[in-house]
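To start, the structure itself, in structure tokens.
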Amino acid sequence: MRVAEIWRYPVKSMAGERLDHALVDALGIDGDRVVHVEDAHGRIITSRTHPQLLGHRARLDASGEPLVDGAPWGDPEARGHVIDIVGPGARLVRDDTAGRFDVLPLLVATDGAITAFGYDGRRLRPNIVIGGVEGLTERTWPGRCLRIGHVVIGVQDLRGRCVMTTFDPDTLEQDPQVLRGIVQKFGGKLALNCKVIRGGEIRIHDTVELVPVPERRAIRPRRH
Numbered sequence: 268m269r270v271a272e273i274w275r276y277p278v279k280s281m282a283g284e285r286l287d288h289a290l291v292d293a294l295g296i297d298g299d300r301v302v303h304v305e306d307a308h309g310r311i312i313t314s315r316t317h318p319q320l321l322g323h324r325a326r327l328d329a330s331g332e333p334l335v336d337g338a339p340w341g342d343p344e345a346r347g348h349v350i351d352i353v354g355p356g357a358r359l360v361r362d363d364t365a366g367r368f369d370v371l372p373l374l375v376a377t378d379g380a381i382t383a384f385g386y387d388g389r390r391l392r393p394n395i396v397i398g399g400v401e402g403l404t405e406r407t408w409p410g411r412c413l414r415i416g417h418v419v420i421g422v423q424d425l426r427g428r429c430v431m432t433t434f435d436p437d438t439l440e441q442d443p444q445v446l447r448g449i450v451q452k453f454g455g456k457l458a459l460n461c462k463v464i465r466g467g468e469i470r471i472h473d474t475v476e477l478v479p480v481p482e483r484r485a486i487r488p489r490r491h
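Here it is, written out as structure tokens:
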């Protein structure tokens, strides 16, 4: 198996950027989902209710700051985009805490499951796509780990999917059958919720190994 794709989404619910390499730590891909949209009442807004957000692209600049369609995320131009979608008082907010993730910091998908899915894998918004995986083998991975060089990723469980998958990532055209198909064929779950056990750098084409969860060494009491 190998790393086939790496994705980062600097602004939650906006289109992201495909990477050749990335640093991974306890909070997932460095720079992932560090900005989100809030309405005038401080409620976090996502593309579940405002799918037009998917039509805007976010990436990090050379200094690591998020850009929205090429404009710094704090500029009036970027805020204007979210006001147009969400309404007066909407704004972009920085959040570097672990609370910015809906479930866990990493979402891992596999080429075999994406093929079985039958649609563009971007609809699943994965951080990492692993290539060389047969069929739905990923569904047997929860409780084990993925080792990529020195990086170790723990697989927790399958991700329950939502209405976001029904929107074409390029045209934003909605197809409700996409989510119906996930429910019918995959029990509503596709791709894997993961956490980082040991961080480091990953690159496209890196070898991926499926391994047991590392055992924690017992702490022996000190002798006095």
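Going by the working numbering, the sequence shown opens with residue 268, and the numbers climb by one from there. Glycine is no exception: its CB is placed at the ideal position from the N, C-alpha and C atoms.
| Asked | Found |
| --- | --- |
| By DSSP, does T377 sit in helix, in strand, or in coil? | strand |
| Taking DSSP's pairing of strands, which residues face D424 in a bridge? | N460 |
| Which whole runs of the alpha helix (DSSP H) in the region 288-325 are 4 residues long or more, in chain order? | none |
| Report the rounded CA-to-CA distance for I415 versus T316, giving the unit in angstroms. | 36 Å |
| With distance defined between alpha-carbon atoms, name the residue in V400, V304, H308 and T313 nearest to G347. | V304 |
| Just list the residues that DSSP pairs G356 with in beta bridges. | G356 pairs with nothing; no bridge assigned. |
| Helix, strand or coil, according to DSSP, for I471 in the structure here? | coil |
| Quick check: the region 419-436 against the region 361-380, are there 3 or more CB pairs under 8 Å? | yes |
| Excluding the 5 residues preceding and the 5 following S280 in the sequence, name in chain order all residues of the same chain whose CB lies nearer than 6 Å to its CB. | T313, S314 and L320 |
| Could you have a look at A282 and say whether DSSP puts it in helix, strand or coil? | strand |
| In terms of alpha-carbon separation, which member of V396, V422, L446 and R389 lies closest to D473? | V396 |
| Tell me where the beta strand (DSSP E) around L391 begins and ends. | Premise fails: L391 is in no beta strand (DSSP E) and is neither H nor E. |
| Can you tell me where the beta strand (DSSP E) with G398 in it begins and where it stops? | I395 to G398 |
| Identify the residues that DSSP records as bridge partners of Q441: which are they? | F434 |
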